[in-house]
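Enquirer: Structure incoming, see below.
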Amino acid sequence: MNKPAEYALRGKVSQPPQGATAKPENLDATASTITESNESEKNGSKAAPGENLNQGPLLKHRADSLGRALTTNQGVPVGDNQNSLRAGLRGPTLLEDFILREKITHFDHERIPERVVHARGSGAHGYFECTEDITSLTRAAPFAKVGKRTPVFVRFSTVAGERGSADTVRDVRGFAVKFYTEEGNWDLVGNNIPVFFIQDAMKFPDVVHAVKPEPHHQMPQASSAHDTFWDFISLMPESMHMIMWQMSDRAIPRSYRTMQGFGVHTFRLVNAAGQATLVKFHWTPVLGTHSLDWDEAVKIAGADPDFHRRDLWEAIEGGAFPEYLLQIQTFTEAEAETWSFDVLDATKIVPEELAPLRTVGRLVLNRNPDNFFAETEQVAFCTQHVVPGIDFTNDPLLQGRNFSYLDTQLLRLGGPNFHEIPINAPVAQVHNNQRDGFHRQTIHRGRVNYEPNSLAGGCPFQAGARGFASVAERLLAQQATSEPTKLRAKPEKFADHTTQARLFWASQTPIEREHIARAFRFELTRVQTQAVRERMVRMLRNVDEGLAARVAA
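Per our numbering, the very first residue in the sequence shown carries number 147; after that it's consecutive.
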């Protein structure tokens, strides 16, 4: 074959354009996937150590129209962007006007379904730096050595409100971190409160339905102060600990920069020898933890509903980079078995007296997104996204989240290829036989799309010991007894719903207790059903008689 002859022009043979058959000067343009251009055996390294490695792949997808002429989505120059094509000056618009049709059609399809929860959010780029050697506990890439930096994208959010709701409402806040590691993406999808309303994912649709605007009139927006929420809570004693937190000042943070974050669930750290240690993750803001007063929060919501979003953006633009410490609590299965609560119960914390906090790293947010939709809106966090060295526990809420978070991305982002959206793409190379589907970007070479195979040399092959491996856990110890092994039930320790709620109340200062009592009064005075109010006060008596009396007054 005479490939150069294909580019003959007027009898002369010209060189093929870069990227067609010739090796381009910039390998980024011809990487097999959008993630491969950063660091691979094929392309080498494109970033100095410690730099934000995910910026290389993202850079390929940024567009700057400065000094450029308008075009259609097919690259056709647009000569007139003011008038549609008509049959005469006062005649009808013509169907053949492809420029108009493309522009209107794209506009009609600009929006995607908002998140069913955590719809209102703000994001930022940054890095995680390991500050303590914990390789004895985990082989996870972000903790490989002290001083190592891993690029991250963080999204803060409210939970109940819709995309256009205010920032300073009383609500749980999401604190989700995506680590772009050389062994894949790790998503630590947490909240600013260390516990949750429910113990089992079976109740997740119910609690969300209850807190959302009531379906007959779609009110109130971004508020838990209504009948359906408190009806649900008053019938779910397991929510008592969480509702104490939500009525506290923690539910109205002053800034995302002064807000704690928690992994909520118990996870596992796994070292190179396969040994597992149970772990709880905490994010602690270097600026300290600060909240708004309720009256202050209400006024801000009216004057500047973008208060938290604006504060985060302007701080980063001004060089006041938000910083958080990553702290962990670690403990063994044997230790956990001796405690009065179950570490698989997401409505419980592990008191620091039992497992002290240990600082292992820091998170720095140093760059705002270039485009809100492309990055903050399209980023997809999934609790199931873990890397070698991190593993799950049998927390029944976490198990359900592992399914739900992936499932919702399939609807929201249009199919199974959402991992190819630049903000979601790993910096690690992606090699598997998952093919095709809506919005596929990768162009796979060759005829083999199965494993095992011989026609492609057995590639891609299993990573073996280098790959992710679940902890070898002994399950169903009750098989040695007469108890059933397949059942719908909860462990006995899950039944204590008040002890930690009482401990939380006891830990509050007098002014914090007053704020909690006022919050309960404000919320319950907006509940129209007397039986719900009375039921809620009876629940509060199980926590503190004085609190119940103040709320009922």
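Each residue gets a CB set at the ideal place from its N, CA and C atoms; glycine is no exception.
Helix, strand or coil for TRP376? Go by DSSP, reduced to three states.
Expert: TRP376 falls in the helix class under three-state DSSP.
Enquirer: So within the stretch 565-589, which uninterrupted alpha helix (DSSP H) runs reach at least 4 residues, ignoring any that extend past its ends?
Expert: Segments of the alpha helix (DSSP H) lying fully in the stretch 565-589: there are none.
Enquirer: For the beta strand (DSSP E) containing PRO431, name the first residue and the last one.
Expert: Unbroken beta strand (DSSP E) run through PRO431: 422-431.
Enquirer: For ALA98, is the classification buried or exposed, using 16 other Cβ atoms within 10 angstroms of its Cβ as the cut-off for buried?
Expert: The first residue shown for the chain is 147 and the last is 699, placing residue 98 beyond what the model contains.
Enquirer: Alpha carbon to alpha carbon, how far is THR522 from ASP516? Give it in angstroms, no decimals.
Expert: Using only the alpha carbons, I get a separation of about 10 angstroms.
Enquirer: Under the rule that 16 or more other beta-carbon atoms within 10 Å means buried, what is ALA168, buried or exposed?
Expert: At ALA168, the pLDDT of 38 sits below 50, so the modelled position is not reliable and the matter cannot be decided from this model.
Enquirer: Report yes or no: do the stretch 285-292 and the stretch 305-318 share at least 3 C-beta pairs separated by less than 8 angstroms?
Expert: Short answer: they don't touch.
Enquirer: Only counting runs of 3 or more residues, tell me where the beta strand (DSSP E) segments fall wholly within the stretch 306-330, in order along the chain.
Expert: Fully enclosed beta strand (DSSP E) runs of 3 or longer: 319-327.
Enquirer: Could you tell me whether the stretch 631-641 touches the stretch 670-677, using the rule of 3 or more Cβ pairs below 8 angstroms?
Expert: Touching, no, given that fewer than three Cβ pairs across the two stretches are closer than 8 angstroms.
Enquirer: Taking THR476 as part of the beta strand (DSSP E), name the residues at either end of that continuous run.
Expert: Looking at the DSSP string, the run of the beta strand (DSSP E) that includes THR476 is 469-477.
Enquirer: Quick check on the DSSP output: the alpha helix (DSSP H) that includes LEU460 runs from which residue to which?
Expert: The displayed chain sequence assigns Glu, not Leu, to residue 460. It spans 453-463 - the alpha helix (DSSP H) in which GLU460 sits, taken as one unbroken run.
Enquirer: Quick one: using the 10 Å Cβ neighbour count with 16 as the cut-off for buried, is MET388 buried or exposed?
Expert: Buried: at least 16 other Cβ atoms inside 10 Å.
Enquirer: For LYS192, does the count of other Cβ atoms within 10 angstroms reach 16, so buried, or fall short, so exposed?
Expert: Unreliable positioning characterises LYS192 in this predicted model, as indicated by a pLDDT of 43, which lies under 50. The coordinate reading is nonetheless provided below. Flag for LYS192 reads buried.
Enquirer: Note down the Cα distance separating PHE299 from ASN337, rounded to an integer number of angstroms.
Expert: Computed Cα separation, rounded: 15 angstroms.
Enquirer: Suppose you measure from the CA of PHE253 to the CA of GLN220; what does that come to, to the nearest Å?
Expert: PHE253 and GLN220: Cα-Cα distance of roughly 16 angstroms.
Enquirer: State the start and end residues of the unbroken beta strand (DSSP E) segment that holds TYR273.
Expert: Segment 267-276, the beta strand (DSSP E) holding TYR273.
Enquirer: What whole-angstrom Cβ distance do ALA287 and THR277 have, given they're in contact under 8 angstroms?
Expert: Actually they are not in contact, since the Cβ atoms of ALA287 and THR277 sit about 15 angstroms apart, beyond 8 angstroms.
Enquirer: Answer yes if the stretch 395-402 comes into contact with the stretch 448-461, meaning at least three C-beta pairs across the two stretches below 8 angstroms, and no otherwise.
Expert: Yes: at least three Cβ pairs fall under 8 angstroms.
Enquirer: Once you ignore the five residues that flank PHE477 on each side, which residues in its own chain have a CB closer than 6 angstroms to its CB?
Expert: Correct list, in chain order: LEU424 and ALA501.
Enquirer: DSSP state of VAL335, grouped into three classes?
Expert: Strand at VAL335.
Enquirer: Measuring CA to CA, which of LEU334, LEU240 and LYS349 is closest to VAL141?
Expert: Residue coverage of the chain in this structure runs from 147 to 699, which leaves residue 141 outside it and unanswerable.
Enquirer: What is the rounded straight-line gap between the Cα of LEU246 and the Cα of ARG232?
Expert: The straight-line gap from Cα to Cα measures roughly 11 angstroms.
Enquirer: Please list the terminal residues of the continuous alpha helix (DSSP H) segment that includes SER653.
Expert: Run containing SER653: 645-653, per the alpha helix (DSSP H) assignment.
Enquirer: Taking 6 angstroms as the limit between beta carbons, can you name the residues of its chain near PRO195, skipping five residues before and five after?
Expert: Here PRO195 scores only 41 on pLDDT, less than 50, and its place in the model should not be relied on; the value that follows carries that caveat. Same-chain partners within the cutoff: there are none.
Enquirer: Between the alpha carbons of PRO534 and ALA571, how many angstroms are there, rounded?
Expert: Going by the C-alpha atoms only, they are around 18 angstroms apart.
Enquirer: Please state whether DSSP places GLY610 in a helix, a strand or coil.
Expert: Helix.
Enquirer: Just grab the DSSP bridge partners of ASP537 for me.
Expert: DSSP output for ASP537 lists ARG414 as bridge partner(s).
Enquirer: Quick one: using the 10 Å Cβ neighbour count with 16 as the cut-off for buried, is GLY320 buried or exposed?
Expert: Buried is the call here.
Enquirer: From what residue to what residue does the beta strand (DSSP E) around ASN512 run?
Expert: From DSSP, the beta strand (DSSP E) with ASN512 extends over 504-513.
Enquirer: Can you check DSSP and say which residues form a bridge with GLY105?
Expert: Here the chain has residues from 147 to 699 only, and residue 105 is not among them.
Enquirer: Do you know offhand how far THR631's Cα is from ARG285's?
Expert: Approximately 33 angstroms between the Cα atoms of the pair.
Enquirer: How about VAL432 and ILE474: are their beta carbons less than 8 angstroms apart?
Expert: Their beta carbons are not under 8 angstroms apart, which means VAL432 does not touch ILE474 by this criterion.
Enquirer: Please report the Cβ distance between ARG591 and LEU601, rounded to the nearest whole angstrom; I am assuming they are in contact, meaning their Cβ atoms lie under 8 angstroms.
Expert: So it is not a contact: roughly 13 angstroms between Cβ atoms.
Enquirer: Where does GLU483 sit, in a helix, a strand or coil, going by DSSP?
Expert: Residue state, collapsed to three classes: helix.
Enquirer: Kindly say whether MET348, judged by its beta-carbon, lies nearer than 8 angstroms to any beta-carbon of chain D.
Expert: Structure shown: chain D not included; a single protein chain is present.
Enquirer: Just the Cα atoms here: how many angstroms apart are GLN580 and GLU597?
Expert: Cα to Cα, GLN580 sits roughly 11 angstroms from GLU597.
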